[in-house]
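Going by full-length UniProt numbering, the sequence shown opens with residue 1, and the numbers climb by one from there. I have placed the structure first, in the form of structure tokens, so that the comments after it can refer back to it.
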Amino acid sequence: TMAPWPELENAQPSSEKYTVKADGEQSAKPEKGKETEKDDTGAPITKIELAPSHSTAALIEEPTEVEDPWDLPELKDTGIKWSERDTKGKILCVFQGIGKFILLLVFLYFFVCSLDVLSSAFQLVGGKVAGKFFNNNSIMSNPLAGVVIGVLVTVLVQSSSTSTSIVVSMVASSLVPVHAAIPIIMGANIGTSITNTIVALMQAGDRKGFRRAFAGATVHDFFNWLSVLVLLPLEAATGYLERLTNLILESFHFKNGEEAPELLKVITDPFTKLIIQLDKSILNQIAMNDESVQNKSLIKIWCKTFTNMTERNVTVPSPENCTSPSLCWTDGLYTWTIKNVTYKENIAKCRHIFVNLNLSDAIVGTILLVTSLLILCTCLILIVKLLGSVLRGQVATVIKKTINTDFPYPFGWVTGYLAILVGAGMTFIVQSSSVFTSAMTPLIGIGVISIERAYPLTLGSNIGTTTTAILAALASPGNTLKSSLQIALCHFFFNISGIILWYPIPFTRLPIFLAKRLGNISAKYRWFAIVYLVVFFFLIPLAVFGLSLIGWPVLVGVASPIVLVILLVLVLKILQSFCPGALPQKLRSWAFLPVWMRSLEPWDKLITSLTSCFQRRCCCCCRICCELCGCCQCCRCSKCCEDLEEVKDEPVKAPEAFDNLAMDKEAWDGVTKSEVDASGTKTISSVTAL
Numbered sequence: 001t002m003a004p005w006p007e008l009e010n011a012q013p014s015s016e017k018y019t020v021k022a023d024g025e026q027s028a029k030p031e032k033g034k035e036t037e038k039d040d041t042g043a044p045i046t047k048i049e050l051a052p053s054h055s056t057a058a059l060i061e062e063p064t065e066v067e068d069p070w071d072l073p074e075l076k077d078t079g080i081k082w083s084e085r086d087t088k089g090k091i092l093c094v095f096q097g098i099g100k101f102i103l104l105l106v107f108l109y110f111f112v113c114s115l116d117v118l119s120s121a122f123q124l125v126g127g128k129v130a131g132k133f134f135n136n137n138s139i140m141s142n143p144l145a146g147v148v149i150g151v152l153v154t155v156l157v158q159s160s161s162t163s164t165s166i167v168v169s170m171v172a173s174s175l176v177p178v179h180a181a182i183p184i185i186m187g188a189n190i191g192t193s194i195t196n197t198i199v200a201l202m203q204a205g206d207r208k209g210f211r212r213a214f215a216g217a218t219v220h221d222f223f224n225w226l227s228v229l230v231l232l233p234l235e236a237a238t239g240y241l242e243r244l245t246n247l248i249l250e251s252f253h254f255k256n257g258e259e260a261p262e263l264l265k266v267i268t269d270p271f272t273k274l275i276i277q278l279d280k281s282i283l284n285q286i287a288m289n290d291e292s293v294q295n296k297s298l299i300k301i302w303c304k305t306f307t308n309m310t311e312r313n314v315t316v317p318s319p320e321n322c323t324s325p326s327l328c329w330t331d332g333l334y335t336w337t338i339k340n341v342t343y344k345e346n347i348a349k350c351r352h353i354f355v356n357l358n359l360s361d362a363i364v365g366t367i368l369l370v371t372s373l374l375i376l377c378t379c380l381i382l383i384v385k386l387l388g389s390v391l392r393g394q395v396a397t398v399i400k401k402t403i404n405t406d407f408p409y410p411f412g413w414v415t416g417y418l419a420i421l422v423g424a425g426m427t428f429i430v431q432s433s434s435v436f437t438s439a440m441t442p443l444i445g446i447g448v449i450s451i452e453r454a455y456p457l458t459l460g461s462n463i464g465t466t467t468t469a470i471l472a473a474l475a476s477p478g479n480t481l482k483s484s485l486q487i488a489l490c491h492f493f494f495n496i497s498g499i500i501l502w503y504p505i506p507f508t509r510l511p512i513f514l515a516k517r518l519g520n521i522s523a524k525y526r527w528f529a530i531v532y533l534v535v536f537f538f539l540i541p542l543a544v545f546g547l548s549l550i551g552w553p554v555l556v557g558v559a560s561p562i563v564l565v566i567l568l569v570l571v572l573k574i575l576q577s578f579c580p581g582a583l584p585q586k587l588r589s590w591a592f593l594p595v596w597m598r599s600l601e602p603w604d605k606l607i608t609s610l611t612s613c614f615q616r617r618c619c620c621c622c623r624i625c626c627e628l629c630g631c632c633q634c635c636r637c638s639k640c641c642e643d644l645e646e647v648k649d650e651p652v653k654a655p656e657a658f659d660n661l662a663m664d665k666e667a668w669d670g671v672t673k674s675e676v677d678a679s680g681t682k683t684i685s686s687v688t689a690l
């Protein structure tokens, strides 16, 4: 406990209590604890003895606990307790809970529908471009180029199942061998994780919630990137995925089965089909370099058609082109034969908004892209608000304990694997890993699910989406059954291999550590989240793809120095952290580098100045000049960069006791300089040291 607050007399007495008049009249009567003496002239002098002052500060400061930003917040119930409500209030509370639950389901439904429409919008805007990525077979023979093609195509069409189906069609048509298709599947696994990262950006308003949400979303990214980083060279060197899946296909005799159940599509399709419907077979034909569909629109116009096959007389160049010698004749000018001709008759148009508007794919895609993003953001914000109001008090405590608590010792390790199974089952139900992880992101942001528990749920989501692909492959026709099943099994065993690498041993769970580091950086500099998204999902894949177009030697020549520098930085960082004595003094920290190379602070100032240049009268060029080089008085930008209005800091008003203390100190100092002033007053002090 702290010492009591001292009385004002003992802390610093008033200056009047120190003085006595020379004519013998005391300015204050002697009090208890004061002695009266006489000087040489006989004038009485009051000598004051002050009691020892007590310090208000603790002598030993206890170390304050640093708050861990990753601790789950306590969702306290700020409303009226159930026991304090009357009957009417309890009934009203029950109806409010039911209403909130129904609203939550409605917003979740529109959230999932907006994800579906967003995928269609991306396919309209960039689907044909994505299909053309598969045309160049020489590039696809390069494993690294295959990975970035898978990333770019999945990002553009916002659906890993679409990009996987294109790959299956190409393998079945013998356009791409299986060993060249496996890197594309790895890239598709990376590209599908961009959806929940975009969803996490919607929570950037709350810094603490954004830290958790962005880390929970990017733990999926880091798992996929690290798995590709290890397994791609292993597959290129040994081909273990291709050999393993071949062995399985030869051991079991698979037969065509029923189509995979589409549980979520049954609910969402009636609404999304009223907005837009696409003919996805065109993307497969573009990937197979079919020139006849280059100018066709992806928007489906006719939903009900009738296909008929009839025999027709057709002309052929020569008798060798006839279907059979008995069905071949000439009339002197032309050679005729009979062929089966298939024709398609359109019966009924589709019923969606854009069926009769005759707009281009790019315009429709842009409209749907903007609209779906607005609906996505609105639904996400409302879902977070509703969850924040519902998950309070006892409800939040029960849910958090149920999700985040481990089994008792010695079965605690089983909890993570059970979470993997739960994630796989939930993904199998909703038929989409993007939907499951995107719905989980706001729960991580508000603190219901921890990062450590979200990680195995995400791994299970990866497994769930591959089991769905296996069931879909079993429903394929006979000519594509083997190829589609082998690709689906490669996808499955790739995720299983990644889990074996990055989950069983706690030390190897690097994705959690890296996601938390990125979450801390993005919470401090929120613009860095967008930079991460653009660089890792667009710029790096596009750069690798462009260098692959030039040639394999160019790609190796450019990438090798970059990889060496990254490895050198990692080795230095590890040595600085664990063995700094092995390094020279200069290399024990990054202080030898310029500030802009070792800190994001200068970049933050630059971006802040760029975003705020329209709010100031100063021009953008001068703002950038001042931020980078610091303008001197002779620079033409120096006056421009000065603040137009200087905000003066208002002094904090001290308590009255300390005001009197300062005044008394001034008065006391003034008197000691001249022992006797004009009024003939003399001052003596006896001060006890603190």
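C-beta atoms are modelled at their ideal positions from N, C-alpha and C, and glycine is treated no differently.
Worksheet item: Is DSSP giving V370 helix, strand or coil here?
Response: Helix, per DSSP.
Fill in: CB-CB length for S522 against F214, believed under 8 Å
Rounded to whole angstroms, the Cβ separation of S522 and F214 is 5 Å, and the two are in contact under 8 Å.
Discussion item. Nearest by alpha-carbon distance to T268: which of S432, L357 and Q158 is it?
Written reply: Of all alpha-carbon atoms in S432, L357 and Q158, the one lying nearest the alpha-carbon of T268 is that of S432.
Worksheet entry | K88 to F95 span [Cα, whole Å] | K88 and F95 have their C-alpha atoms spaced approximately 11 Å apart.
Practice prompt. Please list, in chain order, all residues of the same chain as K300 whose beta carbon is under 7 Å from its beta carbon, the five residues on each side excluded.
Written response: Contacts found: Q277, L278, D279 and C350.
Worksheet entry | Separation of Y334 from S318, as counted between CA atoms | Rounded to whole angstroms, the gap between the alpha carbons of S318 and Y334 is 8 Å.
Practice prompt. Pick out whichever of A439, G127, A543 and G191 has its Cα sitting closest to the Cα of Q203.
Written response: Distance check between Q203 and each of A439, G127, A543 and G191 places A439 closest, using alpha-carbon atoms only.
Practice prompt. Could you give the DSSP three-state label for V230: helix, strand or coil?
Written response: In the structure shown, V230 sits in a helix (DSSP, three-state: H, G or I).
Worksheet item: Should L327 go down as buried or exposed, given a rule of 16 or more other Cβ atoms within 10 Å for buried?
Response: Its Cβ having fewer than 16 others within 10 Å, L327 is exposed.
Discussion item. What would DSSP say about Y343, mapped onto helix, strand or coil?
Written reply: Looking at Y343 - three-state DSSP - the assignment turns out to be strand.
Discussion item. Need the endpoints of the alpha helix (DSSP H) that N284 sits in, please.
Written reply: Element bounds for N284: S281 to A287.
Worksheet item: Leaving out five residues before and five after E9 in sequence, what residues of the same chain have Cβ atoms less than 6 Å from its Cβ?
Response: With a pLDDT of 43 at E9, under the threshold of 50, the modelled position of this residue cannot be trusted; read the value that follows with caution. Excluding residues within five positions, none has a Cβ falling inside 6 Å.
Discussion item. Between which two residues does the beta strand (DSSP E) holding V314 run?
Written reply: W302 to V316 is the span of the beta strand (DSSP E), which, as asked, contains V314.
Fill in: Contact belief for L485 with L249 at Cβ below 8 Å, rounded distance in angstroms
The C-beta distance from L485 to L249 rounds to 7 Å, short enough to meet the 8 Å contact threshold.
Fill in: Backbone CA spacing between S83 and L386 [nearest angstrom]
Each residue's Cα considered, the two are about 23 Å apart.
Worksheet entry | Among L274, P270, N404 and D116, nearest to A419 - alpha-carbon criterion | Checking every option, the nearest Cα to that of A419 belongs to N404.
Item to complete: Spatial neighbours of V558 within its chain, please: CB distance less than 7 Å, with the 5 preceding and 5 following residues excluded, ordered by chain position.
Response: Within the same chain, Cβ atoms closer than 7 Å to the Cβ of V558 are found at L547, the five residues on either side in sequence being excluded.
Practice prompt. State the DSSP-derived secondary structure class of A378, mapped to helix, strand or coil.
Written response: The amino acid occupying residue 378 in the given sequence is Thr; Ala does not appear at that position. Assigned with DSSP and collapsed to three states, T378 falls in helix.
Discussion item. Beta-carbon within less than 8 Å of L380's beta-carbon, same chain only, minus the 5 sequence neighbours each way: which residues are those?
Written reply: Within the same chain, Cβ atoms closer than 8 Å to the Cβ of L380 are found at F111, V199, M202, Q203 and P442, the five residues on either side in sequence being excluded.
Worksheet item: Exposed or buried, what is T310 when buried is set at 16 or more other beta-carbons lying within 10 Å of its beta-carbon?
Response: It is exposed - the Cβ of T310 has fewer than 16 other Cβ atoms within 10 Å.
Worksheet item: Between which two residues does the alpha helix (DSSP H) carrying T508 extend?
Response: Element bounds for T508: n/a, residue is neither H nor E.
Practice prompt. Ignore the nearest five residues each way along the sequence and tell me which others in S141's own chain have a CB closer than 7 Å to its CB.
Written response: Once the five neighbours on either side are set aside, the close Cβ partners of S141 are A180.
Practice prompt. Spell out a yes or no on whether the stretch 508-519 and the stretch 219-235 are touching, meaning 3 or more CB-CB pairs, one atom from each, closer than 8 Å.
Written response: Two segments are said to touch when three or more pairs of C-beta atoms, one from each, lie closer than 8 Å; by this definition the stretch 508-519 touches the stretch 219-235.
Worksheet entry | Own chain, CB closer than 6 Å to F271, minus 5 neighbours either side, in chain order | Scanning its chain for C-beta atoms nearer than 6 Å, with the 5 sequence neighbours on each side dropped, one finds around F271 the residues C113, in chain order.
Item to complete: Pick helix, strand or coil for T405, following the three-state DSSP scheme.
Response: Judged by DSSP in its simplified three-state form, T405 adopts coil rather than helix or strand.
Discussion item. For the ligand NAP, is there any heavy atom lying closer than 6 Å to the beta carbon of L533?
Written reply: Absence of the ligand NAP is noted for the structure shown, with no ligands found whatsoever.
Worksheet item: For S160 versus T192, is the C-beta distance shorter than 7 Å?
Response: For S160 and T192, yes; Cβs fall inside 7 Å.
Practice prompt. Look at L219 and M186 and say whether their C-beta atoms are less than 7 Å apart.
Written response: The displayed chain sequence assigns Val, not Leu, to residue 219. The Cβ-Cβ distance between V219 and M186 does not fall below 7 Å.
Fill in: Residue of W527, I574, I500 and S589 minimising C-alpha distance to T608
Nearest to T608 by alpha-carbon distance, out of W527, I574, I500 and S589, is W527.
Discussion item. Using the three-state DSSP reduction, which class does T337 fall into: helix, strand or coil?
Written reply: In the three-state reduction of the DSSP assignment, T337 falls in the strand class, which pools E and B.
Discussion item. In whole angstroms, give me the CA-to-CA distance for A121 and I184.
Written reply: Each residue's Cα considered, the two are about 22 Å apart.
Worksheet item: By Cβ distance, which residues of its chain are closer than 7 Å to L572, with the 5 residues on each side in sequence left out?
Response: Closer than 7 Å at Cβ, skipping near neighbours: L587.
Worksheet item: What residues in its chain sit with their C-beta under 6 Å from that of K665, if we drop five residues either side in the sequence?
Response: At K665 the pLDDT is 42, less than 50, meaning the model places this residue with poor confidence and gives no usable figure here.
Worksheet item: Exposed or buried, which one is D361 when buried takes at least 16 other CB atoms within 10 Å?
Response: In this structure D361 is buried. Its beta-carbon is surrounded by 16 or more other beta-carbon atoms within 10 angstroms.
Fill in: Cβ distance (whole Å) where T245 is taken to contact L489 below 8 Å
Indeed, because the Cβ distance is near 4 Å, the residues count as touching under 8 Å.
Discussion item. Quick check on this structure: which residue in F494, G447, I449 and T480 has the alpha carbon closest to the alpha carbon of I463?
Written reply: Among F494, G447, I449 and T480, the Cα nearest to that of I463 is on F494.
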